[in-house]
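Colleague: First residue of the sequence shown? That's 145 in our numbering, and the numbers climb one at a time after it.
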Amino acid sequence: MKQAYLIMAHDDIPLLKKLIGLLDYPDNDIYLHLDKKCNEDISDIQKGILHSGFYRIPSMDVKWGGVEVVNCELNLLKCATENKHYRYYHLLSGHDLPIKTQDIIHKWFDENERNYVSFYRPVMRENALYNYRIYHFQFKKYFWVRLSRKLQSILRIDRIKKSGLQYMKGSQWFSVTDEAARYIVKKEKLIQKLFSYTRCPDEVFIQTILYNSYLKDKLEADFHDIEYRTLSSTKVMGNKRVMDWPDALHTAHPRTLLRQDYDLLMNRSAFFARKFDSKVDSKIIDMIYNDLKKQ
Numbered sequence: 145m146k147q148a149y150l151i152m153a154h155d156d157i158p159l160l161k162k163l164i165g166l167l168d169y170p171d172n173d174i175y176l177h178l179d180k181k182c183n184e185d186i187s188d189i190q191k192g193i194l195h196s197g198f199y200r201i202p203s204m205d206v207k208w209g210g211v212e213v214v215n216c217e218l219n220l221l222k223c224a225t226e227n228k229h230y231r232y233y234h235l236l237s238g239h240d241l242p243i244k245t246q247d248i249i250h251k252w253f254d255e256n257e258r259n260y261v262s263f264y265r266p267v268m269r270e271n272a273l274y275n276y277r278i279y280h281f282q283f284k285k286y287f288w289v290r291l292s293r294k295l296q297s298i299l300r301i302d303r304i305k306k307s308g309l310q311y312m313k314g315s316q317w318f319s320v321t322d323e324a325a326r327y328i329v330k331k332e333k334l335i336q337k338l339f340s341y342t343r344c345p346d347e348v349f350i351q352t353i354l355y356n357s358y359l360k361d362k363l364e365a366d367f368h369d370i371e372y373r374t375l376s377s378t379k380v381m382g383n384k385r386v387m388d389w390p391d392a393l394h395t396a397h398p399r400t401l402l403r404q405d406y407d408l409l410m411n412r413s414a415f416f417a418r419k420f421d422s423k424v425d426s427k428i429i430d431m432i433y434n435d436l437k438k439q
């Protein structure tokens with residue numbers, strides 16, 4: 145049974161070409177969203193796909209940390225689920241790469257039925273919950289932001305309490321079954337209601353929807369991924385990804401992986417890694433690409 149790769153890309157076309165080249169496999173279909181702000185031609189990438197089905201969804205202007213990220217993920221899931229039934233749906237960014245061959249990835253996922261989603265903690269911290277408890281409107285002047293928060297405090301606005309759900313947080317990247325993918329799409333109206341006018345909803349909506357569903361027992365998670373977000377960790381995050389983000393409290397993004405990380409990276413039991421950047425270090429990208437293509 146085929147697997148679907150859902151890619152959210154916004155730049156670095158040379159890296160995107162290598163990523164798609166490593167996903168080009170007879171039992172894969174590739175769904176690509178390329179951000180509206182990227183005007184680069186990808187016709188060479190499309191022409192180079194020999195084995196996979198390829199589908200490009202309409203471009204959106206995706207703003208980091210905004211609900212547009214959620215909408216983009218939902219559009220990719222809707223496009224894929226409307227097209228076919230897949231064994232698994234893997235969400236990747238344009239700065240990711242697989243670190244195992246497609247033969248290995250397919251064999252492993254064909255033998256499993258779990259949903260591989262990241263959960264940082266068993267319970268979200270209050271400062272993180274604040275991002276979803278009230279409405280965060282985008283005002284140009286901070287005066288209106290403060291006034292909005294004050295009024296919501298007076299009115300005792302609590303979107304979380306009203307929802308009756310336990311909110312959960314983790315990395316946005318996932319590998320989920322057909323059943324889970326269709327359940328998420330089915331909950332689109334609820335997702336829009338809960339996560340519009342919030343901050344960084346992409347780190348919460350998948351986790352919250354699946355955790356509060358009948359699929360909770362099919363989640364592969366120990367709810368401590370915040371401890372495993374380093375390249376040196378002996379454990380792999382629940383979403384089977386590896387990154388190096390040792391100081392997440394003070395940095396907005398994981399560290400860009402470099403050629404000196406290669407041996408440690410390729411010996412991890414994860415299937416995908418992030419993040420890479422061809423402008424920072426193209427050598428590690430070439431090393432991974434050539435290694436996997438030889439196998």
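Just so it is clear, CB atoms sit at the ideal spot from N, CA and C, and this is done for glycine as well.
1. Hey, is the segment 177-195 in contact with the segment 316-328, meaning 3+ C-beta pairs nearer than 8 Å?
2. Is Asn-92 near Arg-343, with beta carbons less than 9 Å apart?
3. Can you tell me whether Leu-163 is helix, strand or coil according to DSSP?
4. Note down the Cα distance separating Val-348 from Met-431, rounded to an integer number of angstroms.
5. Scan the segment 211-292 and note each continuous alpha helix (DSSP H) run of 4 residues or more that stays entirely inside, going in chain order.
6. Under a three-way DSSP split, which group does Asn-122 fall into?
7. Check whether the Cβ atoms of Met-152 and Gly-209 sit closer than 9 Å, and answer yes or no.
8. Exposed or buried, Gly-308, counting other C-beta atoms within 10 Å across all chains shown (16 or more means buried)?
9. Please list, in chain order, all residues of the same chain as Ile-335 whose beta carbon is under 6 Å from its beta carbon, the five residues on each side excluded.
10. With three or more C-beta pairs closer than 8 Å as the rule, is the segment 257-268 touching the segment 357-371?
11. DSSP on Ser-187, reduced to helix/strand/coil?
12. How big is the Cα-Cα spacing for Val-213 and Glu-255?
13. In terms of alpha-carbon separation, which member of Ile-186, Leu-218 and Lys-207 lies closest to Glu-332?
14. Quick one: what's got a C-beta closer than 6 Å to Arg-200's C-beta in the same chain, skipping five residues either side?
15. Could you spell out the range, first to last residue, of the beta strand (DSSP E) harbouring Thr-111?
Modeller: Judging by the given coordinates:
1. no
2. The displayed coordinates of the chain run from 145 to 439. Any statement about residue 92 would go beyond what the structure contains.
3. helix
4. 34 Å
5. Correct list: 211-227, 246-254 and 270-277.
6. As shown, the chain starts at 145 and ends at 439. That puts residue 122 outside it, with no answer to give.
7. Contact: no.
8. exposed
9. If the five residues before and after Ile-335 are omitted, its C-beta is found closer than 6 Å to the C-beta atoms of Phe-349, all from its own chain and listed in chain order.
10. By the criterion of at least three beta-carbon pairs nearer than 8 Å, the segment 357-371 is in contact with the segment 257-268.
11. helix
12. 31 Å
13. Answer by Cα proximity: Leu-218.
14. Leu-176
15. Absent from the model: residue 111. The displayed extent of the chain is 145 to 439, so no value can be given.
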